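Below is one structure, written out as structure tokens, with a few remarks after it.
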Amino acid sequence: MDFIAQTEEFVKETLAGAEAGHDWWHIYRVWQTAKNIASKEEVDLLTVELAALLHDIADSKFNAGDEEVGPAKAAAFLESLGVDKERIAHVGQIILNMSFKASLGEVTYHSKELEVVQDADRLDAIGAIGIARAFSFGGYKQREFYNPAIAPNLNMSKDEYKKSAAPTINHFYEKLLLLKDKMNTATGKKLAEKRHQFMELYLEEFYREWNGG
């Protein structure tokens with residue numbers, strides 16, 4: 000039984016019509032990047048692929064902040080395929096603990112597979128695609144691009160982060176520019192460097208144009 004092919008089809012169907020920053024193509028990119036990183040690490044590839052494919056199957060941002068619905072939906076699907084209980088539990092823990100907001104609270108679960116999928120997801124949040132995703136979500140939430148009167152909150156709690164409605168440019172300072180130094184793997188660190196530099200150049204140009212330059 001091809002668990003990966005069936006999971007791919009399930010995710011495509013479930014996320015049809017999703018916000019562009021969290022749609023099937025986000026999943027696809029994270030999946031491909033996770034496989035790239037995993038090829039250089041000693042990990043269980045099936046667990047990595049399943050977690051990458053299912054990590055946003057029910058993102059809490061689109062489910063009233065409920066962080067349990069994603070792991071539960073993933074587990075129910077994997078059970079229907081006959082995936083072993085230990086792997087299902089592992090995938091659930093990866094989904095529950097991999098997000099940036101999870102890192103703002105206490106994270107007690109760790110695994111190499113979590114590190115790989117987390118790096119892949121964080122890489123899709125930075126660089127050219129990360130910028131596009133940030134403004135896509137900001138538009139979806141009807142947020143301002145930028146407001147000089149609203150300073151970034153650099154010491155947010157997990158709850159504050161979840162409730163934030165700040166302009167999209169603030170998100171660079173509150174999350175995106177922090178991700179380079181949060182990478183777990185050597186491959187993740189290497190890929191993050193170039194994407195981070197691109198974001199810094201983008202911000203320089205953004206402020207130049209904002210001020211008439």
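In numbering that gives the first Met the number 0, the protein residues as written are 0 to 212. Even glycine gets a Cβ: it sits at the ideal position worked out from N, Cα and C. None of the values given here were measured: they were computed from a predicted structure.
One thing to note: VAL10 has its Cβ within 8 angstroms of the Cβ of LEU53. According to the DSSP assignment, HIS89 belongs to the alpha helix (DSSP H) that extends over 84–96. Residue burial annotation: TRP30 is buried, with at least 16 other C-beta atoms found within 10 angstroms of its C-beta. Within the model, the alpha-carbon separation for PHE136 versus PHE144 is close to 11 angstroms.
Around the CB of ARG194, 16 or more other CB atoms lie within 10 Å, so the residue is classed as buried. If you ignore the 5 residues before and after ILE56, its C-beta comes within less than 7 angstroms of the C-beta of VAL10, THR13, GLY69, LYS72, ALA73, all in its own chain and listed in chain order. Across the set ILE125, GLY91, ALA191, GLY129, the C-alpha of GLY91 shows the shortest separation from the C-alpha of HIS109. Nearest Cα to ALA33 within the set ARG132, ASP1, TRP209, ASN183: ASN183. Collapsing the DSSP output to three states places SER79 in a helix.
A residue is called buried when at least 16 other Cβ atoms come within 10 angstroms of its Cβ; ASN154 does not meet this threshold and is exposed. Three or more beta-carbon pairs drawn from the stretch 122–129 and the stretch 169–186 are found closer than 8 angstroms, and the two stretches are therefore classed as touching.
The residue from TYR160, GLU40, PRO151 with its alpha-carbon nearest to that of GLY187 is GLU40.
Pairing TRP209 with GLN141, the inter-Cα distance amounts to about 19 angstroms. Within the same chain, TRP23 come within 8 angstroms of ALA15 by CB-CB distance, once the 5 residues on both sides are set aside. GLN117 sits in a helix when the DSSP states are folded into three classes. With 16 or more other CB atoms across the displayed protein chains lying within 10 angstroms of its CB, LEU122 is buried. Sequence-distant Cβ neighbours of LYS84 in its own chain, meaning closer than 7 angstroms and more than five residues away, do not exist here.
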